[in-house]
Structures are given as C-alpha cells and as structure tokens.
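One structure is given here, and the rest of the page talks about it.
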Amino acid sequence: MADIKVKRHIGPKDLAALSQLLSAAAESDSHPPLGEHAWLDLVQGGREGFAGLVAFEPSHPHPVGYAQLSRGDNPGDGAGEGLQWALELVVDPHHRVPGSTVARDLLRNALELVAKEGGGHLHLWANQPSPVQDRLAASVGLSPGRVLYQMRRPLPAEEKATISTRPFRLGDDEEAWLEVNNRAFARHPEQGGWTAKTLKARQSQPWFDPRGFLLYEEEGRLAGFCWTKVHGQGASRVGEIYVVAVDPDFAGRGLGRELTLAGLSYLSGEGIAEAMLYVDATNIRAVKTYVDLGFVVNHIDRAYTADVPPAPFPPAPSRIAPA
Ligand SMILES: CC(C)(COP(=O)(O)OP(=O)(O)OC[C@H]1O[C@@H](n2cnc3c(N)ncnc32)[C@H](O)[C@@H]1OP(=O)(O)O)[C@@H](O)C(=O)NCCC(=O)NCCS
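With this note's numbering as the guide, the letters of the sequence shown map in order to residues 380 to 702.
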C-alpha cells in the first residue's frame, strides 16, 4: 500500500519533485496529466480548498503518484449538497505495473478527504480512458459521466468569416469579456464564474497572445469572442480554438460559426496546419457548429463522477439487529 501525504500548500521542493513526475507522465502519455486549471493551481501553491495527495512507496525517494483535489467556488449548503470537487490523478509511468495499488490508494484517500470536508459532487477527468481506467474508477465507486470530444481539422479552412473581429486589448476589455464569458458559460463547471484573477492567470501564461484573442462587437457592445491558443513549436504546432462564445442576447444567428472561422483564419495566418478544440459531447450547438466546419472527433476524454456523502466514509453498512 502506498504512503499518501496530504499537502495543503505546495512549496518549491514539492513542486520540483512533482514537476518531474508530471513531465515523465506527459512524455509517456503524449498528454499533460493535469488540466490547465489544476496545473495553475499547483504552481501557484494551491488556493483555498486545494489538497495535493502525494504517494510514496518504500525505497523510492521520489513521489510515485499524485492526485490533486480542488473544491469549486460554490460554498454548498453545509451538508455537501452543491459542493463541487475536481480530482486529477497521475501515476509515475514506471509504477504503472499490474498489481500496483498507487492509483486506487490515491483515489480512496481523495474520496475520504472529500467526505471529511462535507462531501459533494466529484469529477475526475481521464484522457482517452481505457477499460483499465473504467475498472479503476468503478472499484472506488466512480461512475462514467461527462464526455469531452477532442476534434481536429486541417488548415487553412476553405471558408472565411464574414464578420470583422479585433484583438483583445489588455487593460481595456477584461470587464466586458468576463461578463460575456460568464453569461455564455453560466453553470459551466470549468469555464463559468471566472473572475478578473482567473483571466489574469491565463493572460500571464507563456502561450498567451492577445493577437489570437478575437473579439466581435456590434454597436459598441461585445457580442462574442474566439480565443485561440497555439501548442508546440515549429512545424508540429497545433492551433486550438480555446474558447468560443456568443453572448446569449446574440445567440441563434450563427455567430459561433463566424467567430470560429475568424479563429481558424488567424491560426492559418500564423502558418499552422492543424486546428484542434475540446467540446462537451452534450453541447449540441457547438458540436453542430464544429462538425459543419469540418472538424472530426480525434478522441474522447471522460469524467468519472460520484456524489460523495459527508463522513463517516464509506457509509456504515446497515446492521441487522440480532434477534
Ligand atoms: C456554441 C455557441 C458559440 C454557438 O452560438 P450560435 O452561433 O449563436 O449558435 P446557434 O444558435 O446559431 O446554433 C448553431 C447551430 O446549432 C443548431 N442548433 C441549435 N440548437 C439545436 C438543437 N437543440 N438541436 C440541434 N441543432 C441545434 C442551430 O440550428 C445552428 O445550426 P445551423 O447553422 O445549421 O442553423 C453558443 O451556443 C455559445 O456561446 N455557447 C456557450 C459557450 C460554449 O458552449 N462555447 C463552445 C465551447 S468552447
């Protein structure tokens, strides 16, 4: 059984050790093991509700696995109802051997922690989940939940946008952008409820380039936007349609398609030959927009979810009173 240490704050030494583990996993899986929200939370030391669970095994000086728990901003009702938790999990590629309990031990400990802190709805994202991950999730009581499509298409696109967009102006556009984003993504677990701080953290990332953050206005009002993000270097660069949204007051006119076309033009203008995006499989308008623009599903990611009751955990089995 792995020895699990729970860290409420990640200092420079822990961060160095975890960064090595995360890099090894990213290289082996060709995919970053933590989502962007979680990674930023980790490098910034962990915000309120953060817990980093670090797994060690005897005779290994370095961590062999890591799980990161983040509590959503909704304070809940005090009985776990309404509390949202996001969990991320990574095991050192050298320790992914048959019989290893590192992943299960991390998940169990994380679920116990959620229960102790009032319970709530938890989701764990898995990239291109296999039956192994399905079984692991089921073994700790997590059920298959939301599906995210990763879609791709070659560039350039044959069609051009008929609307005119302009780049985001730092220091000017934040307030209007936050309003449109939060209206368009109301109730969205990751993209909704952004604050000036959330936006600033993204804008401070090395990949951020306001030239690829395109805004569309009508009569002086922000109606929608397409934010792009470039991954990789040189010829292997891939351009992501990172976030696209239309203010609900302007919905139903196909502006999502126009904004996506504007983003695709920007990316191909940068010399990028492939576009990519993530979209929730149940987001019918967005999926339809992207399919119509020639995007096809490359792979899926899946969330495993559970409604965790408040501690004691697991719920005590009901006893049959002796006759
Ligand atoms: C996705 C989004 C940008 C699309 O905005 P839009 O261009 O105004 O969308 P529309 O209402 O014109 O719908 C797009 C297409 O979906 C179709 N559609 C809408 N509702 C539908 C439904 N329930 N079933 C099937 N098709 C539907 C529309 O008919 C339209 O297709 P068409 O062009 O062939 O007529 C917008 O819905 C949005 O901002 N959503 C919130 C943010 C988001 O989810 N962004 C994408 C993920 S990053």
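Backbone N, C-alpha and C define an ideal beta-carbon position, used for all residues, glycine too.
When DSSP assignments are scanned along the stretch 441–497, the uninterrupted stretches of beta strand (DSSP E) that are 3 or more residues long and fall wholly within it turn out to be 444–450, 463–470.
Fewer than three beta-carbon pairs drawn from the stretch 650–660 and the stretch 484–495 are found closer than 8 Å, and the two stretches are therefore not classed as touching.
Taking C-beta separations shorter than 6 Å and ignoring five residues to either side along the sequence, the partners of V481 in its chain run A381, A434, V443, G444, V470, H474, following chain order. Taking each of N560, R562, L643, S615 in turn and checking the Cα distance to G591, the smallest one comes out for L643. Looking at the DSSP output, M530 bridges to L656, V676.
H502 is positioned such that its CB atom lies no closer than 8 Å to that of A624. Residue pairing by DSSP places N506 opposite D680 in a beta bridge.
In the three-state scheme derived from DSSP, where H, G and I count as helix and E and B as strand, T544 is classed as coil.
At least one heavy atom of ligand 1 lies less than 7 Å from the C-beta of T668. A contact is defined here as three or more CB-CB pairs under 8 Å, and the stretch 568–581 fails this definition with respect to the stretch 533–543. Looking at the DSSP output, L593 bridges to P546, C605.
Of the candidates R426, R562, G498, R562 places its Cα closest to the Cα of A630.
Your pair Q529 and M655 checks out as a contact, with CB atoms roughly 6 Å apart and the cut at 8 Å. Collapsing the DSSP output to three states places H500 in a strand. At a Cβ-Cβ threshold of 8 Å, I620 and T639 count as neighbours.
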